[in-house]
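Going from the sequence shown to the working numbering is simple: count from 1 and add 175.
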Amino acid sequence: MSKKNYAGIPDKHARIDEAKVVLIPVPYDGTSTWQKGADKGPDAFLNASENMELYDIETRSEVYRQGIYLAPPVTEDSSPEKMVEAVYKTTKNYIKQDKFVTLFGGEHSISIGSIRAFNESFEDLTVVQIDAHADLRPEYEGSKCNHACALHEASNTTNLIQVGIRSMDISEKDHMDENQVYFAHDLYEDWQDDAIGQMTPNVFITIDLDAFDPSIMPSTGTPEPGGLFWYETLEFLKMMFKKKNVVGFDIVELCPNENEKSSDFLAAKLYYKMLSYKFKYQNFNEEDEDE
Numbered sequence: 176m177s178k179k180n181y182a183g184i185p186d187k188h189a190r191i192d193e194a195k196v197v198l199i200p201v202p203y204d205g206t207s208t209w210q211k212g213a214d215k216g217p218d219a220f221l222n223a224s225e226n227m228e229l230y231d232i233e234t235r236s237e238v239y240r241q242g243i244y245l246a247p248p249v250t251e252d253s254s255p256e257k258m259v260e261a262v263y264k265t266t267k268n269y270i271k272q273d274k275f276v277t278l279f280g281g282e283h284s285i286s287i288g289s290i291r292a293f294n295e296s297f298e299d300l301t302v303v304q305i306d307a308h309a310d311l312r313p314e315y316e317g318s319k320c321n322h323a324c325a326l327h328e329a330s331n332t333t334n335l336i337q338v339g340i341r342s343m344d345i346s347e348k349d350h351m352d353e354n355q356v357y358f359a360h361d362l363y364e365d366w367q368d369d370a371i372g373q374m375t376p377n378v379f380i381t382i383d384l385d386a387f388d389p390s391i392m393p394s395t396g397t398p399e400p401g402g403l404f405w406y407e408t409l410e411f412l413k414m415m416f417k418k419k420n421v422v423g424f425d426i427v428e429l430c431p432n433e434n435e436k437s438s439d440f441l442a443a444k445l446y447y448k449m450l451s452y453k454f455k456y457q458n459f460n461e462e463d464e465d466e
């Protein structure tokens with residue numbers, strides 16, 4: 176990955192000493208079992224971000240002015256376990272610096288490390304998983320750090336809420352609290368309010384891009400029909416940022432296709448929109464903006 180500022184923002188908004196936000200790329204694709212290419216996701220996301228307008232109409236803000244530091248990528252790939260440990264240590268380091276820490280993968284196994292770091296740093300953490308797959312296997316293909324195991328640890332150590340699930344192995348039922356699972360086929364008018372009501376004050380969000388319907392997000396490793404759409408997802412995210420303390424988030428499983436760039440751009444817009452909600456509804460301070 177070449178080093179440059181996130182979204183091409185000016186250097187004064189991209190320095191670690193000034194930035195309120197840290198973005199950690201994790202170009203890892205060591206355990207995926209179908210379509211490979213998630214390791215190319217961070218670069219595709221960053222390239223798309225450079226072509227994105229930086230004024231958010233809905234929040235009437237330019238959130239990049241809060242400062243977004245693009246951290247060196249986590250490139251450890253000698254084993255899934257060592258990758259998870261590297262992600263954990265890197266994430267924890269920036270949390271300790273009082274940054275709003277975000278990550279972009281890479282496959283979903285990176286979230287084992289990020290969630291572990293946030294869970295150690297914030298009391299009574301809720302993890303909100305927006306995903307097509309349950310990812311609750313205790314072990315898969317000889318590793319507990321496989322992408323199919325991405326949320327198993329969180330199911331035991333945090334308050335896990337799963338949204339958009341529509342694919343799973345029967346064995347995962349043993350590790351699932353179905354009272355806190357919002358299956359894609361079962362989403363109803365007020366499901367967002369019910370989900371919010373089950374959350375603790377501190378929330379970490381992990382988004383696997385295959386949560387979205389493949390009609391709007393085809394470039395992912397394991398697309399599943401019947402997924403979420405753009406505005407319903409944004410509405411849910413906005414509710415969380417309004418009503419809870421979102422302490423960080425990660426986005427994973429962009430598997431870019433040279434002939435299909437709309438998925439890259441959706442990922443770029445999603446990341447920027449989530450930051451816009453964070454600083455609009457939780458600790459946005461217009462005095463910090465450079466006019």
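We put the CB at the ideal spot given by N, CA and C, even for glycine.
> In chain order, what residues of the same chain lie with their CB nearer than 6 Å to the CB of residue 197, ignoring the 5 residues before and after it?
Replying inline: As a first step, residue 197 is located in the sequence shown; it is residue number 22 there, counting from the start. Answer for residue 197: 244, 246, 269, 274, 276, listed in chain order.
> Just how far apart, CA to CA, sit residue 437 and residue 232?
Replying inline: Mapped onto the sequence shown, residue 437 falls at position 262. Mapped onto the sequence shown, residue 232 falls at position 57. Between residue 437 and residue 232, the C-alpha separation is close to 20 Å.
> Run through DSSP, which three-state label would residue 173 get?
Replying inline: Only positions 176 to 466 of the chain appear in the structure, and residue 173 is not among them; the question remains open.
> Sorted by chain position, which residues of the same chain lie with C-beta nearer than 6 Å to residue 394's C-beta, five sequence neighbours on each side aside?
Replying inline: The residue labelled residue 394 in the question sits at position 219 within the sequence shown. Excluding sequence neighbours, residue 394 sits near 430, 431, 432, 435, 438.
>> Quick check: the Cα distance between residue 415 and residue 241, rounded to an integer number of angstroms?
In response: The count along the sequence shown starts at 1 and reaches residue 415 at position 240. The count along the sequence shown starts at 1 and reaches residue 241 at position 66. Going by C-alpha positions, residue 415 is about 20 Å away from residue 241.
> Given residue 308, which residues of its chain have a CB within under 6 Å of its CB, disregarding the five upstream and five downstream residues?
Replying inline: Numbered from its first residue, the sequence shown carries residue 308 at position 133. Cβ within range, chain order: 342.
> When the Cα atoms are used, what is the spatial distance from residue 297 to residue 260?
Replying inline: Counting from one through the sequence shown, the residue named residue 297 turns up at place 122. Counting from one through the sequence shown, the residue named residue 260 turns up at place 85. Distance between the alpha carbons of residue 297 and residue 260: 18 Å.
>> Would residue 158 and residue 266 qualify as a contact pair, given that the criterion is a beta-carbon distance under 8 Å?
In response: The requested residue 158 is not part of the displayed model; the chain covers only 176 to 466.
>> From the DSSP secondary-structure annotation, give me the bridge partner or partners of residue 200.
In response: Counting from 1 along the sequence shown, the entry for residue 200 is found at position 25. When beta bridges are read from the DSSP output, residue 200 appears opposite 279.
> Can you check whether the CB of residue 202 is closer than 8 Å to the CB of residue 250?
Replying inline: If you number the sequence shown from 1, residue 250 lands on position 75. If you number the sequence shown from 1, residue 202 lands on position 27. Annotated as proximal: residue 250 and residue 202, with beta-carbon spacing under 8 Å.
> Helix or strand or just coil, what does DSSP make of residue 234?
Replying inline: Along the sequence shown, one-based indexing puts residue 234 at 59. Of the three classes helix, strand and coil, the one that applies to residue 234 here is coil, per DSSP.
> Quick one: Cα of residue 351 to Cα of residue 185, how far?
Replying inline: Residue 351 sits at position 176 when you count from the first residue of the sequence shown. Residue 185 sits at position 10 when you count from the first residue of the sequence shown. C-alpha separation (whole angstroms): 45 Å.
> Should the region 356-368 be regarded as contacting the region 320-340, the criterion being three or more beta carbon pairs within less than 8 Å?
Replying inline: Per the Cβ contact rule, the region 356-368 is in contact with the region 320-340 (3 or more Cβ pairs under 8 Å).
> In the region 304-360, which residue ranges form an unbroken beta strand (DSSP E) of at least 3 residues, counting only runs that do not cross its ends?
Replying inline: Runs of the beta strand (DSSP E) inside the region 304-360: 334-340, 356-358.
> Does DSSP classify residue 244 as helix, strand or coil?
Replying inline: As a working mapping, residue 244 is identified with position 69 in the sequence shown. In this structure, residue 244 counts as strand in the three-state DSSP scheme.
> Secondary structure at residue 229, three-state DSSP: helix, strand or coil?
Replying inline: Taking the first residue of the sequence shown as position 1, residue 229 is located at position 54. In the structure shown, residue 229 sits in coil (DSSP, three-state: anything other than H, G, I, E or B).
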